[in-house]
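The following block contains the structure:
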């Protein structure tokens, strides 16, 4: 055999070996403790399949030919909830209203209450009305673990409420009640009040009762996509342009919305990191001692759920799903439902230390991303949280670091 | 109408093939004659669409040709793989005819991924008045960059086309249009030019299923039938080739892309696209170096959102080094090449207005590989590919690595 043939055979063999043996040339898995957007491990094969379908729909980008708009905020779920993590100020949305004392005007005649500041060709986007009394910018929340929050019973939420601060600790959690939409399907654990309203638990003002309402609203109000649940396209009320786009409604079937709901219900909770480190454990104790845990309740439990993996589970979101007065620094004079303008739903703190993984290696905390560090975010806490803030500020620097290490571990 | 044309084209090809396959029935010269050409050699990019092997039927003026391309893929993204897959990327058929001494017809029908996508990529007439002045009309391959005009798979040593030529320049970009082209010769060198008016890319450049500004998404089947705004786009290229130094070209493609009028009534303001490209190739000893860089600027509707960039840029550089060329496995002049390509595309150049931080949304890749050419018109190739994809905010990139093995051959 001549040298040439040998060379050719050696090259072929080398190539073959490279193909079958170079595992190290393939990128490794992302470290599990940094992964968001993964499904709960205990799902059934059918649930995993639906989760995967929902994942695809969550990433689907809507174009003009798909029914986007005519006025809209974003083009896909994932473009705001990048990597299922905490959103960025560049993807925030604007809401507005007029609130004079107790007189609340949602400003429906000018397209309340979410500003649709983008439009497809041939349509005009909305502009912020000049006679508003309040507006706020809201960064998108992380979506991991929402299925657990959805499965907490109303009774458990009400058990944490103390609207009149009867225990005198300065903390008065209040549920935000809303009339349910026509398509709301109450679970056994949903408890209406005397007026037939239900407790909101999703959104920064707890404006959505369940994930179906949250997702159907997002399709319509964020992307201008009509569904079986909300069938009428948006239009620019400010111009009196009462026409939708040219795509027949509904633009997505109900099954698409339900798959996205199931996807969100079955995302695992944000993973903890370094939870056993002494500094973190010390910080956790300080978190309780400073009273932070009175609103950012560490542990909740789910009730019975049609998804076995979500049934009777204990989890650690660091929220009570109730409204609290956060003081003037965080009062945007904007409200939803029965919340006062200074009241916000306690933000779940899980995933706090992973914010930078989804926000472009930087962090933007609080409802509008205004705080660039955790201490800065704490300094914005007023109202019911003022005492905790004062105690944090008074801590020696090493103790402050312990508390911050704990928060970073969430 | 397009379906009728395609059907007619297919029947014509079938007839020609049958005549070649059954020479007794054809009652003419019993053999096809091959018009050989070495497509692996560098020639003027402008001539690439004619620099193909054709099979001529007897003494007729018509010739046919084509190529086939397939490969296997195995990729892993952040530890997750879909496994192995095989694909037949393209099966293209050319039909060439010298209608008169200086009138030429060329067409190309493309089947992508089996019969998933079928398209008429070229159907053009060339009228030569002088080598320096030719008229061209029909469905033509737009002269933006070099790859778009010189895209036949058997000419390339890598399985994937360069990202800048697919994700920024939407190769293969064929358009209905007309214009002029020509060459001016001088000792050792040649200048070429192309100037065409074409219907142009359309509104899908924005608010498309890509979720970003995307020139490929601006293609629309209706481009072959009607301009969406009544204002053709301009495509122009100037190139210079020196026999020893190689070739360099600069090109432009642009104009209004949006339908800013409906029934003559303005519904929005006119939005323009400007795409610039620089391409070059040269031979350094046993190495052939190819490169292409492109930059796009677009006017966008106000408040379209940060995901839609008004500037995109990208490029690639590749080296094909002939390790040996000799008789291998009884194939004379077989060439064995070692290849390397580096490339990137930034889909969204600029900064986020809300935070002042850089917009990302980019991809970078490095692709080493080997290729064997048992004949000039056939290539068997394998490459490893590693690329990094970053989202708009610049979060940790998704990393993809994998192997591809494939082939491409003219026939």
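Residue numbers (the UniProt record's numbering), protein chains in the order written: chain U, 1 to 410; chain X, 1 to 411.
Every residue gets a Cβ at the ideal spot worked out from N, C-alpha and C, and that includes glycine.
Between the CA atoms of residue j and residue i - distance to the nearest angstrom
i, j, result
"residue 338 of chain U", "residue 54 of chain U", "32 Å"
"residue 402 of chain X", "residue 318 of chain X", "19 Å"
"residue 404 of chain X", "residue 384 of chain X", "6 Å"
"residue 143 of chain U", "residue 266 of chain X", "42 Å"
"residue 56 of chain U", "residue 75 of chain U", "14 Å"
"residue 340 of chain U", "residue 82 of chain X", "50 Å"
"residue 395 of chain U", "residue 154 of chain U", "36 Å"
"residue 246 of chain U", "residue 334 of chain U", "34 Å"
"residue 79 of chain U", "residue 356 of chain X", "19 Å"
"residue 308 of chain U", "residue 151 of chain U", "11 Å"
"residue 268 of chain U", "residue 218 of chain X", "38 Å"
"residue 251 of chain X", "residue 273 of chain X", "14 Å"
"residue 410 of chain X", "residue 65 of chain X", "7 Å"
"residue 334 of chain X", "residue 203 of chain X", "47 Å"
"residue 177 of chain X", "residue 363 of chain X", "33 Å"
"residue 296 of chain U", "residue 149 of chain U", "13 Å"
"residue 254 of chain U", "residue 49 of chain U", "17 Å"
"residue 125 of chain U", "residue 384 of chain U", "38 Å"
"residue 326 of chain X", "residue 62 of chain X", "35 Å"
C-beta atoms of residue i and residue j nearer than 9 Å
i, j, result
"residue 225 of chain U", "residue 252 of chain U", "yes"
"residue 196 of chain X", "residue 222 of chain X", "no"
"residue 127 of chain X", "residue 161 of chain X", "no"
"residue 345 of chain X", "residue 168 of chain X", "yes"
"residue 84 of chain X", "residue 73 of chain X", "yes"
"residue 227 of chain U", "residue 221 of chain U", "no"
"residue 27 of chain U", "residue 400 of chain X", "yes"
"residue 36 of chain U", "residue 85 of chain U", "yes"
"residue 157 of chain X", "residue 375 of chain X", "no"
"residue 96 of chain X", "residue 54 of chain X", "yes"
"residue 392 of chain U", "residue 260 of chain U", "no"
"residue 322 of chain U", "residue 157 of chain U", "yes"
"residue 109 of chain X", "residue 120 of chain X", "yes"
Strand pairing of residue i, partner residues [DSSP]
i, result
"residue 83 of chain X", "X:75"
"residue 252 of chain X", "X:236 and X:276"
"residue 272 of chain U", "Answer is none; residue 272 of chain U lacks a bridge partner."
"residue 119 of chain X", "X:110"
"residue 344 of chain X", "X:315 and X:364"
"residue 266 of chain X", "X:261"
"residue 137 of chain X", "X:125 and X:178"
"residue 388 of chain X", "X:364 and X:399"
Span of the beta strand (DSSP E) around residue i
i, result
"residue 406 of chain X", "398-410"
"residue 312 of chain X", "311-328"
"residue 374 of chain U", "Taken as a continuous stretch (DSSP letters only), residue 374 of chain U belongs to no beta strand (DSSP E), being part of the alpha helix (DSSP H) at 374-379."
"residue 292 of chain X", "287-298"
"residue 55 of chain X", "54-57"
Where the alpha helix (DSSP H) containing residue i begins and where it ends
i, result
"residue 50 of chain U", "45-59"
"residue 398 of chain U", "397-409"
"residue 262 of chain U", "254-265"
"residue 288 of chain U", "278-289"
"residue 393 of chain U", "386-394"
"residue 167 of chain X", "First-last for residue 167 of chain X: undefined, no H or E at that position."
"residue 343 of chain U", "Unbroken run through residue 343 of chain U is the beta strand (DSSP E), 343-345; no alpha helix (DSSP H)."
"residue 217 of chain U", "211-217"
Selection from the options that minimises the alpha carbon distance to residue i
i, options, result
"residue 123 of chain X", "X:116, X:107 and X:130", "X:107"
"residue 354 of chain X", "X:393, X:190 and X:333", "X:393"
"residue 87 of chain U", "U:133, U:98 and U:137", "U:137"
"residue 303 of chain U", "U:72, U:296 and U:311", "U:311"
"residue 348 of chain U", "U:392, U:359 and U:201", "U:201"
"residue 194 of chain X", "X:145, X:186 and X:213", "X:145"
"residue 368 of chain X", "X:360, X:342 and X:133", "X:342"
"residue 361 of chain U", "U:368, U:353 and U:367", "U:353"
"residue 47 of chain X", "X:308, X:140 and X:175", "X:140"
"residue 210 of chain X", "X:137, X:307 and X:61", "X:307"
"residue 320 of chain U", "U:127, U:160, U:148 and U:124", "U:160"
"residue 375 of chain U", "U:229, U:408 and U:359", "U:408"
"residue 132 of chain X", "X:104, X:118 and X:191", "X:191"
"residue 78 of chain X", "U:30, U:139, U:93 and U:119", "U:30"
"residue 306 of chain U", "U:47, U:90, U:33 and U:139", "U:47"
"residue 476 of chain U", "U:357, U:382 and U:331", "Here chain U covers residues 1 to 410 and nothing more, so residue 476 of chain U does not appear."
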